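This report concerns only the one structure given below.
2 protein chains.
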Amino acid sequence: METVEKKLTIADVAEYLGVSKTTVSRAISGKGRVSEETRQRVLQYIDRMDYKPNVIAKGLAQSKTFNIAVLMPADCDMQELPFFQNCMCGICEAAAKRDYDVLTVYTTAGGLGGLERIVTNQKVDGVVLTRTLVEDAAADYLKNRNVPVVAVGSSADAELIQIDHDHRSACLELTMHLLKQGIRKVGMIGGNETHVVTRNRFGGFADAFRLMNLPVDMSLVYFGAEKVAEIEQAVEELLEKKAECIVCMDDMICNHVIHKLREVDVNLLNTVKVASFYGGVSGSILAGRVETVEFDAKKLGFVTCNTLLDVIDGKQIAVKQLLPYKLRTI
Amino acid sequence: METVEKKLTIADVAEYLGVSKTTVSRAISGKGRVSEETRQRVLQYIDRMDYKPNVIAKGLAQSKTFNIAVLMPADCDMQELPFFQNCMCGICEAAAKRDYDVLTVYTTAGGLGGLERIVTNQKVDGVVLTRTLVEDAAADYLKNRNVPVVAVGSSADAELIQIDHDHRSACLELTMHLLKQGIRKVGMIGGNETHVVTRNRFGGFADAFRLMNLPVDMSLVYFGAEKVAEIEQAVEELLEKKAECIVCMDDMICNHVIHKLREVDVNLLNTVKVASFYGGVSGSILAGRVETVEFDAKKLGFVTCNTLLDVIDGKQIAVKQLLPYKLRTI
DNA sequence: CTGAAAGCGCTTACAG
DNA sequence: CTGAAAGCGCTTACAG
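Chains as they are written, first to last, in the numbering used here: chain D, 14 to 343; chain S, 14 to 343.
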């Protein structure tokens with residue numbers, strides 16, 4: 014019933030049109046001179062026949078794979094998952110636009126995971142790191158092998174090409190926005206203090222106070238709030254200390270802070286301001302007047318992937334790129 | 014400083030050893046006769062030199078890619094994410110073991126997304142569907158193109174090879190376990206009633222009552238509980254109706270049920286039993302004596318991938334495979 | 001058991 | 001502008 018028609022090859026096209034494979038190849042790729050007339054005949058025919066070049070063969074001839082690998086943490090927790098997922102989505106989108114595909118490789122912190130296999134098997138032209146560590150075995154491995162790498166987020170490694178949102182400036186601007194409203198008792202709840210991103214955000218926070226010639230009250234700053242109980246505890250203390258505003262370092266913290274505030278008093282959000290870094294994960298829970306800096310993990314992935322492909326194409330790339338952010342009230 | 018040594022090829026190996034490429038190829042692949050002595054010399058040399066065959070070239074020669082694609086929903090919500098993520102992890106693990114790699118393709122319900130590109134570009138040998146729909150454009154597309162497909166979960170499409178946990182038997186056994194303890198007023202809170210999995214689980218629930226010659230009290234059964242408020246509402250009603258036990262359809266429901274029960278009375282878990290289908294997502298929240306049926310999304314992915322690779326290898330495969338489950342108290 | 005040769009489907013100097 | 005030929009790095013009938 015169903016005939017499995019065999020795939021058309023460049024040879025078939027050439028034969029039918031009475032030209033050489035060379036000519037067909039050139040007409041398609043756009044490299045090398047072909048008369049406009051011949052080009053049109055070729056393009057028209059392949060369009061009509063729905064001919065698609067075999068990317069694998071093309072790759073072999075050019076010593077390329079048209080694949081990139083994305084290193085995903087195998088050990089990330091539920092909170093971080095949406096970030097990586099959105100990031101991945103953006104990467105795939107950018108890759109597809111340039112006819113690249115994306116191989117997923119899982120690694121645990123510090124390990125190489127499936128990376129070695131994929132590299133020695135020569136299945137990718139480059140790699141994007143979605144998580145950078147201080148001692149990054151994967152980054153080192155790739156550097157030694159001369160495989161193009163770009164990282165999502167900030168890394169201390171000055172040789173590693175990296176793309177990140179400008180967390181410091183963002184937090185500076187967010188805080189400034191609060192201070193300019195006359196708010197002085199600003200609380201902050203953040204996660205792991207050793208993370209680069211946490212430090213950058215706090216840096217911006219402190220910058221704002223400095224610019225306004227105000228002291229930052231460290232008794233209102235809480236780091237390491239990773240569990241619900243810790244966050245709620247911090248909120249309680251901040252309320253006791255009469256904080257006028259709470260700056261949250263991420264979605265999860267923000268959600269718990271809002272939840273806690275409402276639990277204490279449904280109308281508390283009218284008096285205590287909440288500000289947050291917001292990845293857009295759980296918008297439905299937020300409903301008050303929350304000042305946010307919005308980040309777009311998908312766009313971050315998109316830009317990172319494009320940068321990697323530029324590197325693969327041999328373009329000169331800035332080592333560090335910072336993406337813009339927007340302030341918004343949600 | 015750093016010399017970029019060019020990759021060893023089969024020709025280099027052959028030349029060094031003074032044999033033909035054919036022989037080297039055969040020694041490595043194990044196909045075709047080669048004297049034991051020659052084979053050893055080859056294997057030893059390539060091991061010493063750390064030679065790895067170029068998988069792309071191998072693929073071209075065999076008209077294979079050694080890639081599979083995994084279709085991921087671009088529009089899934091946070092609750093479902095861990096399932097897909099774990100599934101993906103298992104798929105990648107199984108693939109790597111057989112020297113395959115995994116391309117990720119995002120699709121929105123009903124669409125083809127990047128699938129078409131990847132198929133016409135001939136970049137994969139098969140596809141795993143992580144979500145099956147009633148009207149599945151992707152499944153149809155692949156079927157028409159004769160590309161091997163295997164689905165995670167249950168599908169109504171009788172031609173589609175599918176792997177799933179045995180939700181019906183699991184829920185039967187779980188419910189039976191409760192009934193045998195003398196519990197009679199069993200409540201159930203489930204999600205979207207139109208999902209195959211929800212129906213299967215409810216089917217098992219009802220089966221248990223039937224086997225015990227007991228009626229199922231539908232006033233204790235709640236479907237469509239997707240929001241927190243709905244779940245909490247259901248819990249309240251079940252408490253009013255003096256339910257002795259609440260069977261939860263998934264992790265999220267279970268977490269909210271436990272949370273709600275504790276909120277009403279910290280010790281309520283001692284009197285009201287909770288039973289749940291459990292993917293192991295947020296164990297830390299669970300702490301009581303909860304009867305669970307545990308499912309392992311990672312293993313599901315692992316098995317599914319292996320099945321797909323078997324299909325690709327031309328093996329005969331059962332259309333439907335059901336994975337075992339375990340009852341546990343956590 | 002072993003090898004020369006053709007082939008997988010492209011690209012790209014090189015020559016015309 | 002166009003093409004014959006060699007090459008990318010493997011595999012695999014076919015012949016010995």
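Just so you know, even glycine gets a beta-carbon here, dropped at the ideal spot from N, CA and C. Predicted, not measured: the structure shown is a model, and the values here were computed from it.
For D/S42, the enclosing alpha helix (DSSP H) stretches over residues 34-42. For S/M225, the secondary structure class from DSSP, reduced to helix, strand or coil, is coil. As the crow flies, the alpha-carbon of S/I244 is around 20 Å from that of S/N280.
For S/A82 and S/V115, the gap between their C-alpha atoms comes out near 6 Å. Interface annotation for the stretch 98-126 of chain D against chain S: Q98, M101, C102, C105, E106, A109, D112, D114, V115, L116, T117, V118, Y119, criterion Cβ-Cβ distance under 8 Å. For the C-beta of D/Q135, the chain S residues within less than 8 Å are, from N- to C-terminus, K20, K65, N67, V68, I69.
With fewer than three CB-CB distances shorter than 8 Å, the stretch 28-39 of chain S does not count as touching the stretch 80-97 of chain S. Apart from sequence neighbours up to five positions away, the residues of its chain that approach S/G72 with a beta-carbon distance below 8 Å are T78, F79, ordered along the chain. Using a Cβ-Cβ cut-off of 8 Å, D/R275 does not count as an interface residue toward chain S, since no Cβ of chain S sits closer than that to its own.
Assigned with DSSP and collapsed to three states, S/A219 falls in helix. For the pair D/E129 and D/N283, the Cα-to-Cα distance works out to about 54 Å.
Closest in C-alpha terms to D/E172, from the list D/K333, D/S232, D/N99, D/F222, comes D/K333. Listed along chain D, the residues sitting closer than 7 Å to S/L73 by beta-carbon distance are I69, A70, L73. For S/P95, at least one C-beta of chain D is nearer than 8 Å to its own C-beta.
Closer than 8 Å to the CB of S/I41 there is not a single CB belonging to chain D. If you ignore the 5 residues before and after S/L322, its C-beta comes within less than 7 Å of the C-beta of R111, Y113, all in its own chain and listed in chain order. The beta carbon of D/A247 sits closer than 6 Å to the beta carbons of I202, Y235, A238 from its chain, once the five residues preceding and following it are set aside; these are given in chain order. When only Cα atoms are considered, S/I59 and S/K65 end up about 8 Å apart. In the three-state reduction of the DSSP assignment, D/Y154 falls in the helix class, which pools H, G and I. Non-local C-beta neighbours of D/G200 in its own chain, meaning closer than 6 Å and more than five positions away in sequence, comprise L233, L251, A256, I259, ordered along the chain. If you draw a straight line from the Cα of D/E93 to the Cα of S/G45, it is about 50 Å long. Residue pairing from DSSP leaves S/A70 without any beta-bridge partner. Apart from the 5 residues on each side of it in sequence, D/V210 sits with its Cβ closer than 6 Å to the Cβ of H180 in its chain, given in chain order. The three-state secondary structure of S/I196, taken from DSSP, is coil. Looking only at D/V162, D/G204, D/K34, D/M225, the smallest Cα-Cα distance to D/K193 is reached by D/M225. If you ignore the 5 residues before and after D/G127, its C-beta comes within less than 8 Å of the C-beta of V118, Y119, T120, all in its own chain and listed in chain order. In this chain, S/K311 is not harboured by any beta strand (DSSP E); it is covered by the alpha helix (DSSP H) spanning 310-325. For the C-beta of S/R130, the chain D residues within less than 7 Å are, from N- to C-terminus, A109. The Cβ atoms of D/L30 and D/R54 sit closer than 8 Å to each other. Take D/T188, set aside five residues on each side of it, and the residues of its chain with a beta-carbon closer than 6 Å to its own are F218, A221, in chain order. Considering only S/G139, S/V132, S/A151, the residue with the shortest C-alpha distance to D/V68 is S/V132.
With contacts defined by Cβ atoms closer than 8 Å, D/V137 and D/I104 do not form a contacting pair. Residue pairing of D/V132 in beta bridges, as defined by DSSP: absent, with no partner found.
At a cut-off of 8 Å between beta-carbon atoms, S/A24 makes no contact with chain D. For S/V316, the closest alpha carbon among the candidates S/I174, S/A150, S/E206 is that of S/I174. Among the residues of the stretch 209-237 of chain D, none has a Cβ less than 7 Å away from any Cβ of chain S.
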